[in-house]
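First comes the structure, then the notes that go with it.
2 protein chains.
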Amino acid sequence: MDEKQSVTGWFDSLLTGGRRQLGEALTLVETGGPTARKLLSRLSAMGGRAQIVGVTGPSGSGKSTLVNELALHFVSAGRRVGIVAVDPSSPFTGGAVLGDRVRMNRASSHADVFIRSAATRGCLGGVARATHDFVRVLDAVGYDPVIVETVGIGQSEVDIWRVAHTPVVVEAPGLGDAVQAMKAGVLEIASILCVNKADLPGTDAKLMQMRDLADEASTHTPGWKIPVVATVAQLGEGVPELAERILAHWRYLGTTDRMRQLKYERAMVEIRAGLQAEFVEAPLAKAARAGILARLATKVADQEMTPGDATRALEAEFLRPTDNSGDET
Amino acid sequence: MDEKQSVTGWFDSLLTGGRRQLGEALTLVETGGPTARKLLSRLSAMGGRAQIVGVTGPSGSGKSTLVNELALHFVSAGRRVGIVAVDPSSPFTGGAVLGDRVRMNRASSHADVFIRSAATRGCLGGVARATHDFVRVLDAVGYDPVIVETVGIGQSEVDIWRVAHTPVVVEAPGLGDAVQAMKAGVLEIASILCVNKADLPGTDAKLMQMRDLADEASTHTPGWKIPVVATVAQLGEGVPELAERILAHWRYLGTTDRMRQLKYERAMVEIRAGLQAEFVEAPLAKAARAGILARLATKVADQEMTPGDATRALEAEFLRPTDNSGDET
């Protein structure tokens, strides 16, 4: 099968196929390369319709359960829901979040919910780019909303979240300093705040704190008063209200210039993620597999080489145009 | 002046010159390019002797004042101290940290303290690479210790901090959830914990909390019991003890394999920072200056182009070998 036929094949199977074909297409896209790029080009004109909902919050906030219930609520209203769960490449928190995936089972067995994890650490494409591209594919084939769940650690994750149409922060009462995993400032740029586990002690204090923050942040969003929603995701409580606020935010965006601005900001973030994937993550992963990275690092550690020399060496080996092509067809 | 002569000129003026020459060399290194790379190569064999102390902590912890007092303490013991202050490229916290710089004045006027801020946002080289290279230069010309101060936000910042020989976390009593700016897990990989502003209410509770964390984390550092030091930096209280712990950690590292392992880990982090600087930050900055980035982002936002196409375009314009050379001499 030559390259061109292959892209058309992928395209057709995506449009006429089922979940298996979608899963395979996402794997293609995650891996990257010319076929993936062409497929994304073909899909591009079809996308841009879904509401992208970013959900972030510290571990322990119960956000996976909340995303699960939210998805089922949208499904009951006749929507098809895509979920992209970003497992952090951070060495600090991998385990806990992988555990969260298990708890998402209820929604994952539903025919109108498609869940994909952008998890593979060593993935050649970079997690951020994969996430953006997953959203593009799910959007193009008709999932709406597409919910992106992150733990809010690291710049690329925060970028993914903040350029969603509707960035939501999930908090919970009683999360101490030590488990506070979110970046500073994240709360201030959310469009919706949610206090989950709102049956725990400390809920009132947390709600009051969040409302103060929301009132302050709302001064920067004329026409949108940032709501604070209390939920108990495990019991489904407050989930319909949260869903309603999410849809209200979508209607609000439609009346403003913000939608256009967001598209532009998201484009910037995606372009950066593309460079990062192709010129940092991919060469490092390739060099690691070939055993070259360890050799270079040892030389740098032994002061036989500077890091700059090592960058040159990686460039020569993995970033020369001949090595990096594949666009001819 | 041809290229070769220039590198030798830089090298000689660094070794025989004073603070002005050092400042100019750091600016050269920050800008990047072939001369900077060659200068770093020349300096490479001379470095690797200084203890690199990483100091991180949320804003409000008073870490800049602490770094200031710490530097003066080391100076009084006959050392020359380098300080590299990393102003975050994060959009969230820039302002507050720039304010901190002002408070570092006491040390900055001392002849045996050299302070440099890795601050320039649009800098072509990338802040992380600049920071690593600043440390290399200061180390090579005899500053020891070199203290790197970060606010602990973003992966590249945490990377800088954690590959220091001695990563120190500064906390303070009464810092609430909302100002908690550090990444999860940072506390767990510190070699020394410090509770600054230890004259404020809540100090005992904070110390107890830190000691619990330190005890738990110490199980992973056989031979090193992670100390918790209480300081009141503004009054100089506890600073000699903190300095002693820092030196004790240096002696401890000398007795273990950890030193070698750290060199390797730091090499990995520096290689990544080099790719990031050269293939992400530099082309984005160049494209922004040329007005090309905004045009590409608009096309992506308008769905006339995919992010992948934009990456290709940036590659063609800014990452072709002809554009990227300068190594011939």
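Keeping their order, the protein sequence lines are chains V and A.
For the record, in the first sequence the residue sitting at position 300 is 300 according to our numbering, with numbers rising by one throughout.
For the record, in the second sequence the residue sitting at position 176 is 176 according to our numbering, with numbers rising by one throughout.
Glycine residues also receive a C-beta, built at the ideal position from the N, C-alpha and C atoms.
Since the model is a prediction, treat every value here as computed from it, not as a measurement.
Across the segment 279-299 of chain A, CB contacts with chain V closer than 7 Å involve Phe-279, Val-280, Pro-283, Leu-284, Leu-296, Ala-297, Thr-298, in sequence order along the chain. Under DSSP, V:Ala-297 takes part in no beta bridge, so it has no partner. If you check the CB distance, V:Pro-173 and V:Thr-203 come in under 8 Å. Taken in chain order, the members of the segment 260-271 of chain A whose beta-carbon sits within less than 7 Å of a beta-carbon on chain V are Lys-263, Tyr-264, Ala-267, Met-268, Glu-270, Ile-271. Beta-bridge pairing by DSSP links A:Phe-114 to A:Gly-82. Selection A:His-110, A:Gly-254, A:Glu-237 evaluated against A:Cys-194 yields A:Glu-237 as nearest (Cα-Cα). Where V:Leu-28 is concerned, there is no enclosing beta strand (DSSP E), although the alpha helix (DSSP H) around it starts and stops at 19-31. Here A:Gln-155 is near V:Gln-155, since their CB atoms are less than 8 Å apart. In the three-state scheme derived from DSSP, where H, G and I count as helix and E and B as strand, V:Thr-231 is classed as coil. The three-state reading of DSSP puts V:Leu-200 in coil, since its state is none of H, G, I, E or B. In the pairwise beta carbon analysis, the segment 40-49 of chain A is classified as not touching the segment 205-215 of chain A: fewer than three pairs are separated by under 8 Å. Taking the Cβ atoms as the reference, V:Ile-192 lies roughly 7 Å from V:Ile-246, within the contact range of under 8 Å. With contacts defined by Cβ atoms closer than 8 Å, A:Ile-83 and A:Ile-160 do not form a contacting pair.
Here DSSP, grouped into helix, strand and coil, assigns V:Gly-54 to strand.
In the pairwise beta carbon analysis, the segment 248-267 of chain A is classified as not touching the segment 218-236 of chain V: fewer than three pairs are separated by under 8 Å. Nearest in C-alpha terms to V:Val-127, of all of V:Val-81, V:Val-280, V:Leu-296, V:Ala-313, is V:Val-280. Proximity of chain A to V:Arg-211 at the Cβ level (cut-off 9 Å) is not reached, the minimal Cβ distance being about 13 Å. V:Ile-147 is bridged by DSSP to V:Val-53, V:Ile-83. The beta carbon of A:Asp-309 sits closer than 8 Å to some beta carbon of chain V. The C-alpha of V:Thr-31 is placed about 29 Å away from the C-alpha of V:Thr-65.
V:Ala-45 has a beta carbon lying within less than 8 Å of a beta carbon in chain A.
Shown here, A:Glu-304 sits in coil according to DSSP, grouped into three states, outside any helix or strand. For V:Ile-189, there is no enclosing beta strand (DSSP E), as DSSP marks it with neither H nor E. A direct Cα-to-Cα measurement between A:Ala-25 and A:Trp-10 gives close to 7 Å. Cβ contact annotation for A:Ser-61 (same chain, cutoff 8 Å, sequence separation greater than five): Val-170, Glu-171, Ala-172, Leu-175, Asn-196, Lys-197, in chain order. Judged by DSSP in its simplified three-state form, A:Pro-173 adopts coil rather than helix or strand. Ranking V:Thr-166, V:Arg-80, V:Glu-188 by CA distance to the CA of V:Val-141 puts V:Arg-80 first. Taking each of A:Lys-263, A:Thr-8, A:Gly-308, A:Ala-71 in turn and checking the Cα distance to A:Ala-111, the smallest one comes out for A:Ala-71.
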